[in-house]
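Each step along the sequence shown adds one to the number in our numbering, with nothing skipped, and position 2 is 26. Built from N, CA and C at the ideal position, the CB exists for glycine as well. The next block holds one structure in the form of structure tokens; read it before the comments.
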Amino acid sequence: MDWEALEANVAECRRCKLCQTRTKAVFGTGDRQAELLFIGEGPGQDEDRQGEPFVGRAGQLLNKMLAAVGLTREQVYIANIVKCRPPGNRNPEPDEASACRPYLERQIALIQPKLIVSLGGVSANNLLGNTEAVGRLRGKPHQYQPGPDAAPIPLIVTYHPSYYLRSPAEKAKGWQDLQRIISLLRERHFLSADVR
25 MDWEALEANV AECRRCKLCQ TRTKAVFGTG DRQAELLFIG EGPGQDEDRQ
75 GEPFVGRAGQ LLNKMLAAVG LTREQVYIAN IVKCRPPGNR NPEPDEASAC
125 RPYLERQIAL IQPKLIVSLG GVSANNLLGN TEAVGRLRGK PHQYQPGPDA
175 APIPLIVTYH PSYYLRSPAE KAKGWQDLQR IISLLRERHF LSADVR
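Take a look at the structure:
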């Protein structure tokens, strides 16, 4: 399935109850050949209204974090575990994440990123198949296994930008994780010299 067909399938999806309350399905945004893929949890109210991930306050902070290391949204790809907003901004339920999983798996297959950055616990737990807290997962090497015949993709776990909005004193952790991301991409020769 190509990008156009995948996006059309997401827009018409009825696989779970989230389709009943969404305004717009939130597919993803950015460079479809990006080396760096950010995966969040699920759309919020602003994202549901606009149909694009990370456009609210958390998205504005993510943009600033990217800019701090010389990147823009247009140079990375940004997606979520689920494509429709969970009511009341609650976490996606397991059946909702499972319903969306084939869409995300196809996005990953089409992008073929060199590194995945998991933003938050819901994202990390779904991508890694565990239930550990972000604080226990960050700072350790992980791999996402896209399929039985595909090579694993390095994965870094960090807190969701909304966590830093609620706990500004913790922003240093986000900066440490960004530095790890850039360092990993640089040592694998996936970054140009203009990225900090």
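Check	Outcome
At least 3 beta-carbon pairs within less than 8 Å: the segment 72-86 vs the segment 45-57	yes
Extent of the continuous beta strand (DSSP E) to which Gln167 belongs	166-168
Nearest-angstrom Cα separation, counted from Ala174 out to Arg130	13 Å
Distance cut-off 6 Å: Arg73 Cβ against heavy atoms of the ligand NAP	In the structure shown, the ligand NAP is absent, as is every other ligand, since no ligand is present at all.
Alpha helix (DSSP H) segment containing Pro118, residue limits	118-135
Contact the segment 58-65 vs the segment 98-106: 3+ CB pairs below 8 Å	yes
Close Cβ partners of Ser186 (< 7 Å) along its chain, the five nearest in sequence each way excluded	Ala82
Exposure of Gly145, with buried meaning 16 or more beta-carbon neighbours within 10 Å	buried
Beta strand (DSSP E) segment containing Val100, residue limits	Per DSSP, Val100 belongs to no beta strand (DSSP E) and is neither H nor E.
Sub-7 Å separation of Gly68 and Pro110 beta-carbons	no
Cβ contact check for the segment 195-215 and the segment 167-181: 3 or more pairs under 8 Å	yes
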